[in-house]
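Residue numbers (the working numbering): 3 to 185. Yeah, the Cβ is synthetic: ideal placement off N, Cα and C, and Gly gets one too. Read through the structure below, which is laid out as structure tokens, and then see the notes.
What follows is the structure in structure tokens.
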């Protein structure tokens, strides 16, 4: 892994960009420290991932619910642990997180959230979302939002598979956020 606060001429600009958004105490998480082994791919990752996070018109709360459900389905503890705080910041309740394993039986999710969670589940299970799922999305979201949600679900399948393939450990500060049960 590269250092948590790199000074290398290829990585420092990427780190500085992230630190300018996240604060001067920011240290690269293990995922980024592994991606940093290939600076060009790390740059491409950031250039794709961060607009999904910060520039999408769809609800951040909805996208975080999708990311958490995808992490459950794929059993990606790292992704889950890192997105629980982001989900809470975006308005997801702890109660919603606690029942996400059985979201179909819960009344805590809006029709829009249910459509998006279903999308995450279907895309994660693969090979793609069903036509019915996409039609449900189209009933609940605008065209740009549908694109963003499908991209988000698809991207986080990539994230989970990369994390697991590279055997990236959950950092000590995030260990307490690992899921307590599996989907």
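So the candidates are the options; which of them puts its Cα closest to the Cα of residue i?
| i | options | result |
| --- | --- | --- |
| residue 19 | 44, 33 and 40 | 44 |
| residue 41 | 3, 76 and 53 | 3 |
| residue 6 | 23, 33 and 155 | 33 |
| residue 140 | 35, 152 and 37 | 152 |
| residue 54 | 155, 28 and 182 | 155 |
Nearest-angstrom Cα distance between residue i and residue j?
| i | j | result |
| --- | --- | --- |
| residue 102 | residue 71 | 7 Å |
| residue 185 | residue 175 | Because the pLDDT of residue 185 is 49, which lies under 50, any placement of that residue in the model is unreliable, and the number read from its coordinates should be weighed accordingly. If you take the alpha carbons of residue 185 and residue 175, they lie about 24 Å apart. |
| residue 108 | residue 11 | 50 Å |
| residue 22 | residue 105 | 37 Å |
| residue 47 | residue 113 | 31 Å |
| residue 131 | residue 116 | 14 Å |
Using 10 angstroms around the beta-carbon of residue i, count the other beta-carbons present and answer buried if the total reaches 16, otherwise exposed.
| i | result |
| --- | --- |
| residue 162 | buried |
| residue 165 | buried |
| residue 180 | exposed |
Do the CB positions of residue i and residue j come within less than 9 Å of each other?
| i | j | result |
| --- | --- | --- |
| residue 143 | residue 118 | yes |
| residue 76 | residue 159 | yes |
| residue 96 | residue 90 | yes |
Subject >> Touching by the beta-carbon criterion (3+ pairs, under 8 Å), the segment 132-147 and the segment 58-75 >> reply: yes
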